[in-house]
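Each residue of the sequence shown is one higher than the one before, counting from 165 in the numbering used here.
The beta-carbon is built from N, C-alpha and C at its ideal position, and this holds for glycine as well.
To start, the structure under review is shown below, and the notes come after it.
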Amino acid sequence: MECMEWKESIPVKGYRDVIVAGGGVAGVAAALSVARAGKKVLLLEKANLLGGLATIGLINLFVPMCNGRGKHIIFGMAEELLRLSVKYGYDFIPEEWKNGEPEQPTNVRYIARYSPQIFALALTELLQQEGVEILFDCLATRPVMNAGHCEGLLLESKSGREFYPAGIVIDTTGDADLLFRAGIPTVQGKNYFTYVGHTITLENCRKAVEANDIRLALGSCAGGNADLYGHNHPEGMKFFSGTTVEDVSDFLIRNQRLLLDRIKNENRTSRDIVTLPTMPQLRTTRRIDGDYTLLESDKYRHFEDSIGAICDFERRDFLYEIPFRTLVRTGYDNLITAGRSASADGYAWDVVRVIPPAILTGQAAGAAAAPRTREEIAESLRVRTRRGTPTEKLEVIMTSAGLDRVEAATVMVIGLGGVGSNCVEALARGGVGHLIVIDHDIVGLSNINRQAIAFHSTLGRKKHEVVRDMVHDINPDCQVEALDMFLRADDVAPLLDRYLGKVDMLIDAIDSVSAKLAIAEYADRTGMPLISSMGGANKLHPECLRFADVSETRNDPLARVMRKECRKRGIRRLRVLYSCEEPVKRPAVEGAERSERTNLGTASFMPPIFGQMLAGKVLCEIAQVPEA
């Protein structure tokens, strides 16, 4: 890209304790929280109304604030703003919830539908009453950084370009724009083709008059009508990032043209479009890669730095705590985020980005920003260590952020023999947060020489059950899915489809060649991360173990078969752990049946070392430990 240099003198404005960039509901909550703590706060908004997607984006629904059984979950400023949203305009709050939590359990959920325009006006009034300084029609373009410290923000407005110094900056742009420009690692999302406005029709007006209910006069009109899961997204159309001017413009132009085409032939005198969204209805654009990333598997998990609990807006009973670490990144001492750009991934990102959780994270960000001295700021953003926990020694060399990733990870281990059981043990001791283990066999006497779960006390028990109990005894916080299943080749795809996109690493520790090939084929086709264990039979030298692509293996009979079949099936890559040692040759037992002629022996130490090495590789990769 061709660049130009430009030098100018930029006016410096007065110092603010806290600047909040972005006037959506997360930014409103952050600014309110700071102001109520007695600090000077400036709220910046590029539009001319507050509320973001909740108002000018026409996403005018407070999604459920309860567990779906009549139990109120989300409190604080989220409920305050919900009640404000319906204070002056039409409202829809279920009767069961209008006076607070119902006395009896109910399946009716605590939601609110409101007038977005009136809610925006009410937000301005509230912030003015609380002493929040608001600047509309201005854009925070860039943080001015000094190492990991933000000195303030450059703003573009009718007044031109100006610099606003600040003690703390809270990025509630929804797109992590300022965090990205500050150099903080971020993650790009994707968005489907969605564009919905509000209409009014004569027929609906008649119904509204008859019922004396203004809500009935309103309808909706759509350009793109894709839902949260991409249904109705036009075939062949790209996904939208929402983070470049070209991409946003393309999204808006396509939608606006489509909407006009759809209404051109309607009766012009009987309908009208009341309002269109004045910001793109993009939901997951870009978010911080925070000190902790919340995952779907974190439901029901408690965090020491929890800022509060939220509920799943679709599924009843699913609850999440949000750790403060999802709002910050170590190394940046006075930058915080909130709302849609909090650190969450997959389905958890969808759960966190909606109105009540956005308000909750905004309130927490504002509370963290209230301290004023640099030392107080650093302390308020400090991530708690694991001192006094089983993983404190691991934290020393793997870092707190690395262990956060491990605790958030999901690892699947197929096969719980000598390799698999020892691998699972090491993963549990390493702090992995979610394990999926699969085996159908029982513990036998011959297993005692090499399997982590094989004792005289466990003989005859199902391996998956023994592994589950072992993991819980080692790491009670680890979630274990233990599946009693003998995996055949035909079973592989249906099983792994259930976990596609949810597994950080798959470890194949089974003996069946056909199933191993089916796993390799599935991983190669879908991109599911995989390491496959090769054979340890008739091997005695652990120093010969190597990680490699199967195409690079030698002296391993199992790898030889896998290598040949991978070529035949077009499997492009398969990462394996194998031994380059020549197998110890032992003559077949004289007079044995054909099926018994192969005499394979196993050293007590080789399968455990295989398993430990696999676990070590996975832990280091998930924690993002640099290669040696």
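Beta carbon of residue i nearer than 8 Å to that of residue j
{"i": "Phe283", "j": "Ile519", "result": "no"}
{"i": "Val409", "j": "Ala185", "result": "no"}
{"i": "Thr363", "j": "Gly388", "result": "no"}
{"i": "Val601", "j": "Val588", "result": "yes"}
{"i": "Met309", "j": "Tyr274", "result": "no"}
{"i": "Ala211", "j": "Met443", "result": "yes"}
{"i": "His598", "j": "Ala565", "result": "no"}
{"i": "Met698", "j": "Ala673", "result": "no"}
{"i": "Gln527", "j": "Gly240", "result": "yes"}
{"i": "Asn231", "j": "Arg480", "result": "yes"}
{"i": "Ile437", "j": "Val575", "result": "no"}
{"i": "Gly700", "j": "Val560", "result": "no"}
{"i": "Ser507", "j": "Ile452", "result": "yes"}
{"i": "Ala140", "j": "Ala502", "result": "Coverage of the chain is limited to positions 165 through 792, which leaves residue 140 absent and any answer about it impossible."}
{"i": "Ala340", "j": "Val360", "result": "no"}
Cross-strand partners of residue i (DSSP beta bridge)
{"i": "Thr574", "result": "His598"}
{"i": "Val360", "result": "Ala386"}
{"i": "Gly804", "result": "Residue 804 is absent from the model: the chain starts at 165 and stops at 792."}
{"i": "Asp603", "result": "Asp648"}
{"i": "Ile471", "result": "Ile471 pairs with nothing; no bridge assigned."}
{"i": "Pro487", "result": "Ser470"}
{"i": "Ile500", "result": "Ile334"}
{"i": "Val740", "result": "Ser696 and Ala712"}
{"i": "Val351", "result": "Arg451"}
{"i": "Asp436", "result": "Ile364"}
{"i": "Asp425", "result": "Note: Asp425 sits in no beta bridge, so no partner."}
{"i": "Cys230", "result": "His236"}
Helix, strand or coil at residue i [DSSP, three-state]
{"i": "Arg614", "result": "coil"}
{"i": "Val515", "result": "helix"}
{"i": "Cys730", "result": "helix"}
{"i": "Val308", "result": "strand"}
{"i": "Arg761", "result": "Confidence is the limiting factor: at Arg761 the pLDDT is only 43, short of 50, which leaves the residue's position unreliable, though a coordinate-based value still follows. Looking at Arg761 - three-state DSSP - the assignment turns out to be coil, as it is neither helix nor strand."}
{"i": "Ala286", "result": "helix"}
{"i": "Asp641", "result": "coil"}
{"i": "Val205", "result": "strand"}
{"i": "Leu545", "result": "Here the model assigns Leu545 a pLDDT of 48, short of 50, so the residue's position is not dependable, and the following value carries that caveat. Residue state, collapsed to three classes: coil."}
{"i": "Thr537", "result": "Note that Thr537 scores a pLDDT of 46, beneath 50, so its modelled location is shaky; the value from the coordinates is reported in the next line. In the structure shown, Thr537 sits in coil (DSSP, three-state: anything other than H, G, I, E or B)."}
{"i": "Ser323", "result": "coil"}
{"i": "Glu589", "result": "helix"}
{"i": "Cys302", "result": "coil"}
{"i": "Val789", "result": "coil"}
{"i": "Asp391", "result": "coil"}
{"i": "Asp255", "result": "strand"}
{"i": "Ala767", "result": "coil"}
{"i": "Thr669", "result": "Per the sequence shown, residue 669 should be read as Met rather than Thr. Strand at Met669."}
{"i": "Ala276", "result": "strand"}
{"i": "Ala756", "result": "The pLDDT assigned to Ala756 is 47, lower than 50, so where the model puts this residue is not dependable, and the model offers no usable value."}
For residue j and residue i, believed in contact at Cβ under 8 Å, the rounded distance
{"i": "Arg569", "j": "Ile786", "result": "5 Å"}
{"i": "Thr448", "j": "Trp513", "result": "6 Å"}
{"i": "Gly338", "j": "Ser505", "result": "6 Å"}
{"i": "Val515", "j": "Asp455", "result": "Not really, about 19 Å apart at Cβ, beyond 8 Å."}
{"i": "Gln776", "j": "Ala590", "result": "5 Å"}
{"i": "Ile237", "j": "Ala473", "result": "6 Å"}
{"i": "Pro280", "j": "Leu222", "result": "6 Å"}
Own chain, CB closer than 7 Å to residue i, minus 5 neighbours either side, in chain order
{"i": "Leu213", "result": "Thr219, Ile220 and Ala284"}
{"i": "Leu290", "result": "Leu248"}
{"i": "Ala199", "result": "Val205, Glu294, Gly295 and Val296"}
{"i": "Asn586", "result": "Ala616, Pro771, Pro772, Gly775 and Gln776"}
Residues near residue i by beta carbon distance below 8 Å, same chain, minus five either side
{"i": "Glu172", "result": "Arg325"}
{"i": "Lys781", "result": "Ile695, Phe711 and Leu741"}
{"i": "Asp713", "result": "Arg737, Leu738, Arg739 and Val740"}
Neighbourhood of residue i by C-beta, 6 Å cutoff - its chain only, sequence neighbours within 5 removed
{"i": "Arg538", "result": "Note that Arg538 scores 49 on pLDDT, short of 50, meaning its location in the model is unreliable; the coordinates nonetheless yield the value given after this. None."}
{"i": "Ala330", "result": "Arg180, Ile183 and Gly316"}
{"i": "Ala767", "result": "Leu704"}
{"i": "Lys177", "result": "Glu326 and Tyr328"}
{"i": "Gly234", "result": "Pro266, Pro269 and Thr270"}
{"i": "Leu287", "result": "Val192, Leu214 and Gly215"}
{"i": "Ala684", "result": "Ile735 and Leu738"}
{"i": "Glu209", "result": "Gly187 and Phe300"}
{"i": "Glu166", "result": "none"}
{"i": "Glu320", "result": "Leu303 and Thr305"}
{"i": "Pro175", "result": "Glu326"}
{"i": "Asn611", "result": "Ala618"}
{"i": "Pro258", "result": "Val272"}
heavy atom of the ligand FMN below 7 Å from residue i C-beta
{"i": "Gly232", "result": "Annotation note on the ligand FMN: not contained in the displayed structure, which lists no ligands."}
Short CB-CB distance (under 8 Å) between residue i and chain B
{"i": "Arg180", "result": "Going by chain labels, chain B is absent from the structure shown, which holds only one protein chain."}
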